[in-house]
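In my numbering, the protein residues as written are 48 to 515. Glycine included, C-beta positions come from ideal geometry on N, C-alpha and C. Since the structure comes first, as structure tokens, the remarks are kept for the end.
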């Protein structure tokens, strides 16, 4: 058995105080993973990863040892504690202390998902742990309230300095063709569970400002058109109830409609995005305080010339209209706006490995810079690092969105727990700055209530809190 490594990925020092060992009993997976009669059945995203097996402790502890192992903030500590037997015959119970209070967790747990540490007294903190069996590593995150996680962060941080979870083709949770549907949860569920970047595609008509939600040439629902204005009502309701939060929305024109980018831009300005109390439409990356309670417009379409005079002649919306296609790392949007990984063409299922490698490399790039906050000589912001975990092949059922997510999502959870933010552990051996993840754009999160990938992304914002 190997030694257990513990990563304290919180802004709170911890100390391991007690180690107990129990006989373990493997348990079968549970849960209902039905996705409707159109999409295929899979058994949960963690089944393709080495995140901890399901094991429950039996009887009394057969070994108990008091220890004193300090776990500094964002430290990676290899202990002399042997990891649990990998065959599921053992459970190690760990007791931690923080600010005089104690917390407990079993490793591995009775679930493949993350586990909230049990409070042994009235401690004020909440911690969440993910155990990656392949690395014998327990990663501990601060348990953010996913519905309002931005309230913990300072107003003057630029949005590009944050670790932001997003979704690809965000409203595509309806019954649809399996190559079209990309999400398990609806828009409000995504927002309530921490998603703060939406990728939205709309179909435009030359004579009607009603915008139909689409994915490529297809409507997102087989039971009738879904409309942009209805989706916005859900977004506004969330932001009204959570004024500390913001949402970055990428908008692109797709579908079979005959409308143009220029017509779309005028519809958005005149009907949807013109309210400055609801939208941030200046062509610059805002600071969090400016964007709270609003939707930040990131446009993947060209503006009509009539909008060039907006905001003192600077234009309307963050301009990424020259979006790089099928890329591994490309810059878009003028100087310093965005660096994009959006490799999406899957020829064969083995290309999923390439996708995972590209996503890991972009996470490492995003973690390298240090936010220039407080340095008057530095630029106002970092670029957005936009990292799409999504890919698809319409003609290959093994490469439909949910099949790719079943492999990519757990691989990224493991990377965030084992390697991200650790010098020398990234694929290109880059340095580590603030360890931001950038904007990580996902498919099929929330399946069966599983939001662990989102929780791991949000958790990395605790690194910024050390600078506050």
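Let me know the secondary structure DSSP gives residue i once reduced to three states.
i, result
"residue 335", "helix"
"residue 54", "strand"
"residue 266", "strand"
"residue 391", "coil"
"residue 276", "helix"
"residue 483", "coil"
"residue 374", "coil"
"residue 507", "coil"
"residue 48", "coil"
"residue 385", "strand"
"residue 416", "coil"
"residue 222", "coil"
"residue 380", "coil"
"residue 512", "helix"
"residue 148", "strand"
"residue 123", "strand"
"residue 434", "strand"
"residue 248", "strand"
"residue 78", "For residue 78, the pLDDT reaches just 41, beneath the cut-off of 50, and the residue's location in the model is therefore unreliable, leaving the point undetermined."
"residue 111", "strand"
"residue 353", "helix"
"residue 282", "helix"
"residue 411", "helix"
"residue 348", "coil"
"residue 519", "Outside the shown range of the chain, which is 48 to 515, sits residue 519, and nothing can be said about it."
"residue 237", "helix"
"residue 322", "coil"
"residue 173", "coil"
"residue 398", "helix"
"residue 228", "coil"
"residue 361", "coil"
"residue 70", "strand"
"residue 141", "strand"
"residue 9", "Because residue 9 is not part of the residues shown, which for the chain are 48 to 515, the question remains open."
"residue 429", "coil"
"residue 254", "coil"
"residue 341", "coil"
Under a Cβ-count criterion, where at least 16 other Cβ atoms within 10 Å of its own Cβ denotes burial, should residue i be classed as buried or exposed?
i, result
"residue 296", "buried"
"residue 290", "exposed"
"residue 53", "buried"
"residue 162", "buried"
"residue 461", "buried"
"residue 197", "buried"
"residue 271", "exposed"
"residue 442", "exposed"
"residue 96", "Because residue 96 carries a pLDDT of 47, less than 50, the predicted location of this residue cannot be relied on, and the following value inherits that uncertainty. With 16 or more Cβ atoms within 10 Å of its Cβ, residue 96 is classed as buried."
"residue 269", "exposed"
"residue 208", "buried"
"residue 338", "buried"
"residue 48", "exposed"
"residue 105", "exposed"
"residue 241", "buried"
"residue 493", "buried"
"residue 303", "exposed"
"residue 123", "buried"
For the putative contact between residue i and residue j, defined by C-beta atoms under 8 angstroms, what is the C-beta separation to the nearest angstrom?
i, j, result
"residue 187", "residue 56", "6 angstroms"
"residue 146", "residue 62", "So it is not a contact: roughly 10 angstroms between Cβ atoms."
"residue 334", "residue 481", "That belief does not hold up - the Cβ atoms of residue 334 and residue 481 are roughly 15 angstroms apart, past 8 angstroms."
"residue 400", "residue 467", "Their Cβ separation, rounded to whole angstroms, is 19 angstroms, which puts residue 400 and residue 467 out of contact at 8 angstroms."
"residue 340", "residue 308", "Actually they are not in contact, since the Cβ atoms of residue 340 and residue 308 sit about 28 angstroms apart, beyond 8 angstroms."
"residue 406", "residue 445", "That belief does not hold up - the Cβ atoms of residue 406 and residue 445 are roughly 19 angstroms apart, past 8 angstroms."
"residue 36", "residue 306", "Since the displayed the chain opens at 48 and closes at 515, residue 36 lies outside it and no answer follows."
"residue 101", "residue 73", "6 angstroms"
"residue 430", "residue 383", "5 angstroms"
"residue 503", "residue 179", "11 angstroms between Cβ atoms; not a contact."
"residue 51", "residue 126", "5 angstroms"
"residue 267", "residue 218", "6 angstroms"
"residue 311", "residue 344", "Not quite, the Cβ-Cβ distance comes to about 12 angstroms (not below 8 angstroms), so this is no contact."
"residue 499", "residue 177", "7 angstroms"
"residue 325", "residue 283", "7 angstroms"
Specify whether the region 489–497 and the region 211–226 touch according to this definition: at least 3 beta carbon pairs, one from each stretch, less than 8 angstroms apart.
-> yes
Hey, is the region 191–203 in contact with the region 315–330, meaning 3+ C-beta pairs nearer than 8 angstroms?
-> no
Give a yes or no on contact between the region 363–375 and the region 386–401, applying the rule of three or more CB pairs nearer than 8 angstroms.
-> yes
Whole beta strand (DSSP E) runs in the region 441–498 with 3 or more residues, listed along the chain?
-> 486–489
At a cut of 8 angstroms, does the region 241–250 reach the region 293–312 through at least three beta carbon pairs?
-> yes
For the region 313–320 and the region 222–239, state whether three or more C-beta atom pairs, one from each stretch, are separated by less than 8 angstroms.
-> no
For the region 445–460 and the region 469–479, state whether three or more C-beta atom pairs, one from each stretch, are separated by less than 8 angstroms.
-> no
Inspect the CB distances between the region 441–454 and the region 156–170 and report whether three or more fall short of 8 angstroms.
-> no
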